[in-house]
Amino acid sequence: MFTDGRSRRVVFLAHCLLNQNAISDGTAEVPAAHREILRTVLDARVGVVQLPCPELCCLGLDRGDPKGGERPVVAENTRIRRQMQQQPAAGRLQALVEQVLWQISEYEAHGFTVCGIVGMNRSPCCGVDTTSDRDQEIAGQGVFISAIQSALQAAGYSIPMVGIKAGPEALERIRTLL
């Protein structure tokens, strides 16, 4: 008899947690990926689904960011939020939301548990509890997370979401999902 060693449990992680190279210039916290976050998930025997980076997929790598880590003249988070709500980025964002919803439906239809979605607080796109606008962290969700949550609710899914910032507290928030 064939034995399947999968845990049948997955968590969706914000793209930048696994690839800091995709984020805005001057905002990376680590050179590549947040190892402790990935280790925490894998130690819990949960598979990782990397969310697409909405900023990269909708706006590209050159988002008008300053080079060399300088602070932008126009607050990058305000500019990104505004651009994500205009065409063609808004159409691309909707396509990404539909892809995430399809993946979740596939996992659930085949008996997997989707433990949750982990977003990056303060992000104009992937913040869960906080986002940013006018170069300030504010309460609310980023445009991508908000669109995913709306799509999940419309489809009748109840998937927990947590927002994190890098650090020990992030690992505890992730563990609540696993």
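Residue numbers (this note's numbering): 217 to 394.
For every residue, glycine included, the Cβ atom is placed at its ideal position computed from N, Cα and C.
If you're wondering where the values come from, they're calculated on a predicted model, not measured in any experiment.
* To do: Leaving out five residues on either side along the sequence, give the residues of the same chain with a beta carbon under 8 angstroms from the beta carbon of Q315.
  => Around Q315: P268.
* Asked: Whose C-beta lies closer than 6 angstroms to the C-beta of I364 among residues of the same chain, with five residues either side of it excluded?
  -> These residues qualify, in order along the chain: V313, V316.
* Distance, S223 Cα to T294 Cα -> Rounded to whole angstroms, T294 to S223 spans 40 angstroms at the Cα level.
* Asked: Among residues of its own chain, excluding the 5 on either side of L233, which ones have a beta-carbon nearer than 6 angstroms to its beta-carbon?
  -> Setting aside the 5 residues that flank it on each side, L233 is surrounded in the same chain by H250, I253, each with a C-beta closer than 6 angstroms to its C-beta; the list follows chain order.
* Thinking just about the alpha-carbon of each residue, which of P304, R261, R297 is nearest to the one in L393? -> Among P304, R261, R297, the Cα nearest to that of L393 is on R261.
* List the whole-angstrom C-beta distance separating V226 from V330, where the pair is believed to meet the contact cut-off of C-beta under 8 angstroms. => Contact holds; Cβ gap of about 6 angstroms.
* To do: Note down the Cα distance separating I434 from D351, rounded to an integer number of angstroms.
  => Residue 434 cannot be examined here, being either before or after the span of the chain that is shown, 217 to 394.
* Asked: Taking just the CA atoms, how far does E353 sit from R255?
  -> One C-alpha to the other measures close to 28 angstroms.
* **When S339, Q302, C273, A311 are compared against A367, the one with the closest alpha-carbon** => When S339, Q302, C273, A311 are compared, the shortest CA-CA separation from A367 is found for A311.
* Taking C-alpha atoms, which residue in Y373, I375, M336 lies nearest to G356? -> Of Y373, I375, M336, the smallest CA-CA separation from G356 is found for M336.
* **Contact belief for I390 with I333 at Cβ below 8 angstroms, rounded distance in angstroms** => With 8 angstroms as the limit, I390 and I333 do not qualify as a contact, their Cβ atoms being about 11 angstroms apart.
* Nearest to I239 (by Cα), restricted to the options V264, Q266, P270 -> For the residues V264, Q266, P270, the minimum Cα distance to I239 belongs to P270.
* Asked: Which class does T346 belong to by DSSP, given the choice of helix, strand or coil?
  -> In the structure shown, T346 falls within a strand segment according to DSSP collapsed to helix, strand and coil.
* Going by beta carbon distance, what residues of the same chain come within less than 7 angstroms of L272, once the five residues before and after it are set aside? -> Result list for L272: A238, in chain order.
* **Buried or exposed by the 16-neighbour rule on C-beta atoms within 10 Å, applied to A305** => Looking at its Cβ environment, which holds 16 or more other Cβ atoms inside 10 Å, A305 is buried.
* To do: Report the residue from R338, A370, E324 whose alpha carbon sits nearest the alpha carbon of I296.
  => When each option's Cα is compared against that of I296, the closest is R338.
* Just mark T346 as buried or exposed, buried being the case when its beta carbon has 16 or more other beta carbons within 10 Å. => With 16 or more other Cβ atoms within 10 Å, it is buried.
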